[in-house]
Amino acid sequence: MAFLHALIWSLVSTASVGYASDIDCLKSVEDSLHDPHNSFKSSWNFNNKTEGFICGFRGVECWNVSTNQVLNIRLAHMGLEGQFPQGIRKCSSLTGLDLSGNKLSGPIPSDISNILPYVTSLDLSSNRFSGEIPKSIANCSFLNTLLLDNNQLTGHIPPQIGLLIRITTFSVANNLLYGPVPSFAGTNFSSDSFANNSGLCGSPLEPCNSSSDSFKSGFVVGYAVFSVSFVTIFISYCVPWWTQGKKRSEASLMQILLNQLLQRDSKRKEAQQMKKVPEIPHMDFLSEETKKASLLSYSEIKEATDNFNKENVIGFGRMGTTYKAVLPNGSLLAVKRLYDTPAFDEHFITELKTLGSLRHDNLVPLLGFCIQSKERLLVYKYMTKGSLYDWLLPEEGEARIMEWPLSVKIAIGVARGLVWLHDRCNSRIVHLDISSKCILLNENFEPKLSNFGEAILLKPNDTDSTESSPFANCEYWQSNFFKEDVYCFGIFLLELITGEDPKRMTTSSNSGNETPVLNEWVTVDFFCSFVNKSMMGQGFDQEIFQFLTVALDCVQPYPDPRPTMLQVYKTLGAVGKKHGLTIDSEILEHTRKTSAPRGDECNEDEITEV
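Residues -20 to -1, 1 to 590, numbered by mature numbering (1 follows the signal peptide of the UniProt record, and there is no 0), are exactly what the sequence shown covers, in order.
Structure, rendered in C-alpha cells:
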C-alpha cells in the first residue's frame, strides 16, 4: 500500500505539466515508428482538441478518460519497424509499455530508467533489439514485469537486476547472453526464463564452474601468458592462414577468403604494418604460412554475418556462438564469436594451437582468426549438414532420420579422428569436450571434430619438461586425460544408438555419479526401452548391440579399465567393413607396434601417422 501511495503521489505531482507533454510524447512515437500496415496511426488523429482525445487512440490507455495523461502504451504485434522511441520519455506518467512482437531493432537505451522512471511493466520481447541489457534498468524500481526474450541481446545480465524486489515476471530467453544468472532477491525464476542462451550459467541453470574446469585450468596458465603477448601484438588485426596441402579444395576456399574478405590498402602498407610486429618465441606453433598471412578485415566479417544477426546463428556452445557468413560471391563460411569470459583468451589460443596447426579428414578446417578489441573470432569451413546433435535431437516439428549404416560411418570417423589426435607423439592432443554438439557433418556426412577450446596439447619430447612436470611422462597423460576422451566418446556413442541424451536417462539415486547407471543398461529391458526404434528390425540388431557394449566399456567408472581409442577404433572398424567402409591399415599397424608398455618413453619414430 505504501508503494501505491508513493507512486500515485509522484504521478500526481507531475500531472500539471504532464498532459501537454503526453500529446507530444505520442506524436514523437508516431514519428519514430514505421507502421507499414497502418495498424495504429490510422486512429491517431491529433487534430482533435477535446480533453482526453488521445485516450481513444489505438494502443493507448489513460489514467482518466477525461484527461490526456497516458497510463499504458500497448503496440504489440503490429509489424512496427524502427528503434526504441526515445520520445516516449515525454509520457511522464507512463507505467506500462508493450512493444512486443514487432521488428524493432537497435539497442535498448542506456538511460532507460530516466525514460521510464515509473514503469511497472516493460515488454520488449520478440523484436530484434541488440547490444547489452542496460544496467540502468535496475533503477526502474517499480518493475514487476520485464520481458526481453526473443531478441538479439548480448553480453551479461546486469547483476543489479536481481535487486528488483517487486519483479514477479521475467524472461531473457532466446538471446545471445552469457555469464552468471543474477540472484533475485524476491523470486526464484525457472530455467525457462533463461532458456536458449548457451553462455548463461548458474542457478537455475548448470553451475558456472565445474570441478573439471578447475582441474584443467592449472595446465593452461602458460597459454594465458601467451595470449596476453599475442593480443598486445596483434590487437585490431585479423590473420587468416591456410596450409598448402594436397587438397586443392582447401586452397581454393582460402583463395576465395583472401579475394573476397580481405580489403588491404596496398602491399606496401601491409609490409610496413607487418614490420611493426616483432618476432616472439611463442609463435613457434604457427606454420610459416600463418606467420606470413595477410590481414583480415573485421568489418568484412561483420558484413558477411549481417552484423552477427540472430538469423544467421547456426549453433551455440560453451565457448561462443557460431554464425553463417556469406561472402559476396555466395560462398559460405562459419564464424565462431567467442563469449567475453575470463577464460576466452585461453580458449582462443588453444583452438589456434590445435586446429590452426593440424589438418586431418576428421577435423573441421580452421581457415582464419580475428582479434579486435574484445572480439575473438574463428573462421571455419562451413559444414552444410550442421551438427550431429541437431540430427539426433531435432527441434519439435523437424523430422530427421539417421539410418544405422550412416551412424556406423559417423562413429568410426569420430573414433578415427580421436586416434589421430591421441597418437601424434610429436603433438599429442586431448580434446576433453567430445559431444554430439562438437561433431559437424559435411555434405557427405563425414564427421569433423570441432570445439578445441578445452583441449590440452602434450609434447612429451619437450626439452623444457622436467621430471617433476607431468608433461615428462606420456603414460601419466594417457591414464589421466586420454581416458577422459574415451569416456566422452562412450557417452556420444550411447546418444548415437538411443537418439536420447544419456544424462536424461539416469536416476537420482546415484549421488551425482551417472556411470554406475550407465553400466547397468546392458539388459534386455534397457535394450528394448532406449535403443532408437527406427534402427531395430532392419537386420542390424547384433551390430547395435556390439556398439552398445563398446559404449558401456568406455563409460566405466574408473579410467584404467576403459579401452584406448585405438582399441575402440579397431572394434568398431570390424563392423564398418560390413558396410563397405575402409579402415586405415596404418592405425591397425600402429596398434601392433604400441601393444607393449612404453613407460616414460615416447619415441616419435614408433608412431605411424594416420
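Cβ coordinates follow ideal geometry from the N, Cα and C atoms, glycine included.
- If you look at residue 179, you'll find it in the beta strand (DSSP E) that goes 179 to 181.
- Contact between residue 373 and residue 425 is ruled out by a C-beta separation of about 17 Å, above the 8 Å threshold.
- Residue 549 carries a helical assignment under DSSP once its states are collapsed to helix, strand and coil.
- Rounded to whole angstroms, residue 97 and residue 318 show a C-alpha spacing of 35 Å.
- Residues of the same chain with a CB within less than 6 Å of the CB of residue 299, apart from the 5 flanking positions on each side, are 318, 327, 433 in chain order.
- The criterion of a C-beta distance shorter than 8 Å is not satisfied by residue 5 and residue 62.
- Setting aside the 5 residues that flank it on each side, residue 144 is surrounded in the same chain by 123, each with a C-beta closer than 6 Å to its C-beta; the list follows chain order.
- Secondary structure in the segment 49 to 81: the beta strand (DSSP E) runs of 3 residues or longer, each lying completely within the stretch, are 50 to 54, 61 to 63, 76 to 78 in chain order.
- Using a Cβ distance threshold of 8 Å, residue 133 and residue 147 do not count as a contacting pair.
- The C-beta of residue 168 has fewer than 16 other C-beta atoms within 10 Å across all chains shown, which makes the residue exposed.
- Residue environment: residue 330 is assigned as buried (16 or more neighbouring CB atoms within 10 Å of its CB, all protein chains considered).
- A Cβ-Cβ contact shorter than 8 Å links residue 152 with residue 128.
- Taking a C-beta distance under 8 Å as the contact criterion, residue 335 and residue 391 do not qualify as a contact pair.
- Taking every protein chain shown into account, the CB of residue 297 has 16 or more other CB atoms within 10 angstroms, so this residue is buried.
- Membership of residue 186 in any beta strand (DSSP E) is not indicated, and neither H nor E is assigned to it by DSSP.
- Counting along the chain, residue 468 sits inside the alpha helix (DSSP H) bounded by residues 463 to 478.
- Residue range 408 to 410 is occupied by the beta strand (DSSP E) that includes residue 410.
- According to the DSSP secondary-structure assignment, residue 14 is paired through a beta bridge with 61.
- Distance from residue 173 to residue 150 at the Cβ level is roughly 5 Å; contact confirmed, criterion being Cβ atoms closer than 8 Å.
- Secondary structure note for residue 533: its alpha helix (DSSP H) is the uninterrupted segment 521 to 534.
- DSSP, read as helix, strand or coil, puts residue 30 in coil.
- Per DSSP, reduced to three states, the secondary structure at residue 319 is coil, with no helix or strand assignment.
- In summary, residue 402 is buried, with 16 or more beta-carbon neighbours lying within 10 Å of its beta-carbon over all protein chains present.
- The beta carbons of residue 552 and residue 389 sit about 10 Å from each other, so the pair does not count as a contact at 8 Å.
- Residue burial annotation: residue 26 is exposed, with fewer than 16 other C-beta atoms found within 10 angstroms of its C-beta.
- Residue 287 holds the alpha-carbon nearest to the alpha-carbon of residue 108 among 423, 287, 33.
- Separation of residue 22 and residue 65 (C-alpha to C-alpha, rounded to the nearest whole angstrom) is 18 Å.
- The beta carbon of residue 17 is closer than 8 Å to those of 58, 59 in its chain, skipping five residues each way along the sequence.
- Distances from the alpha-carbon of residue 437 to those of 462, 469, 312 put 462 closest.
- Straight-line spacing of the CA atoms in residue 320 and residue 188 works out to 14 Å.
- Counting along the chain, residue 399 sits inside no beta strand (DSSP E); it lies in the alpha helix (DSSP H) bounded by residues 384 to 402.
- Where residue 305 is concerned, the enclosing beta strand (DSSP E) starts and stops at 300 to 306.
- Relative to the Cα of residue 419, the nearest Cα in the group 369, 86, 375 belongs to 369.
- Per the DSSP secondary-structure output, residue 368 pairs with nothing in a beta bridge.
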